[in-house]
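Colleague: In mature numbering (1 follows the signal peptide of the UniProt record, and there is no 0), the protein residues as written are -23 to -1, 1 to 239.
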């Protein structure tokens, strides 16, 4: 009995100590939490928020103004390195603006001049040289061509017809109303000397070479590829060709005994 009584007494003493410790901790922590919470609310002036609330969160600044309203404004910086408020920036001196415009205009003028010189230099570089131009022209004697005859020479890789026409051929082409032709052109506009005709030997339809002194017209040309007929003035008179045979640039030299083509 004595041992049981001693054990019960120790158990009761332990329970009393535990209850006293819990009472001391709760009596000490609760006032501390309450005081700390009140201090935070008074310093920050923050409206309590709840995660269960569906209303938007409202936060006030330390000055009491609500963010996002007209009452909320930032104070001007007033530190030691603050600069005075100069207000709205005023336009500069008109004389300085005129000088700036003058400098910009001068620079643009020089840029345009440099671009022009570059373009001219490029164009001059692309132009043919004197020796190339000399090879681009040929001299052909025409005294040995018989009346009604036609010779073929090569110029710039193309055949050239040189024909000495007879008086009968001239009468036939002059009797035609040239204004009614498909490609209206008078014979006078296509030659320098009446009896000599010089044209490129390339059909204006598909670039074939016509046959001289052939076709339906006396002293003319005929293209066997598609049946184009030209008269003695090399004007298209029949067939699919749309234009007359082209007349190259030429001139008579050495007393009309030679012709220079090109």
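All residues carry an ideal CB built from backbone N, CA and C; glycine is no exception.
Relative to the C-alpha of residue 195, which residue among 212, 162, 74 is closest?
Modeller: 212
Colleague: Residue 96 and residue 136 look like a contact to me (Cβ under 8 Å); what is the Cβ gap, rounded to whole Å?
Modeller: About 37 Å separates the two Cβ atoms, so there is no contact after all.
Colleague: Label residue 129 either buried or exposed according to how many other C-beta atoms from any shown protein chain fall within 10 Å of its C-beta, with 16 as the threshold for buried.
Modeller: It counts as exposed.
Colleague: Checking 9 Å against the spacing of the C-beta atoms, do residue 216 and residue 234 come in under that value?
Modeller: no
Colleague: For residue 179, which residues from the same chain have a beta carbon less than 8 Å from its beta carbon, with the 5 sequence-adjacent residues on both sides left out?
Modeller: Take residue 179, set aside five residues on each side of it, and the residues of its chain with a beta-carbon closer than 8 Å to its own are 135, 136, 185, 186, 222, 223, in chain order.
Colleague: Which value, in whole angstroms, describes the spacing of the CA atoms of residue 190 and residue 104?
Modeller: Rounded to the nearest angstrom, the gap between the Cα atoms of residue 190 and residue 104 is 39 Å.
Colleague: Relative to the C-alpha of residue 284, which candidate in 133, 126, 182 has its C-alpha closest?
Modeller: This structure gives no information on residue 284, because the portion of the chain shown stretches from -23 to 239.
Colleague: Assign residue 116 to one of three DSSP states: helix, strand, or coil.
Modeller: strand
Colleague: Please report how far the alpha carbon of residue 182 lies from the alpha carbon of residue 91, in whole angstroms.
Modeller: Spanning the two alpha carbons is a distance of roughly 46 Å.
Colleague: Would residue 141 and residue 122 be called neighbours here (beta carbons separated by less than 9 Å)?
Modeller: yes
Colleague: Based on the DSSP secondary-structure assignment, which residues constitute the bridge partners of residue 228?
Modeller: 237
Colleague: Assuming residue 170 and residue 87 form a contact by the criterion Cβ under 8 Å, report the distance between their Cβ atoms to the nearest whole angstrom.
Modeller: Not a contact, Cβ separation roughly 55 Å.
Colleague: Give the straight-line distance between the Cα atoms of residue 197 and residue 100, rounded to the nearest whole angstrom.
Modeller: Going by the C-alpha atoms only, they are around 42 Å apart.
Colleague: By the three-class DSSP mapping on this structure, what secondary structure does residue 165 have?
Modeller: helix
Colleague: Using three-state DSSP, classify residue 182 as helix, strand or coil.
Modeller: Coil.
Colleague: Is DSSP giving residue 149 helix, strand or coil here?
Modeller: Look at residue 149 here: in three-state DSSP terms it is helix.
Colleague: Along the chain, where does the beta strand (DSSP E) that runs through residue 159 open and close?
Modeller: Per DSSP, residue 159 belongs to no beta strand (DSSP E) and is neither H nor E.
Colleague: Tell me, to the nearest whole angstrom, how far the beta carbon of residue 150 is from that of residue 175; I am working on the premise that it is less than 8 Å.
Modeller: Here residue 150 is actually not in contact with residue 175; their C-beta atoms are around 15 Å apart, not less than 8 Å.
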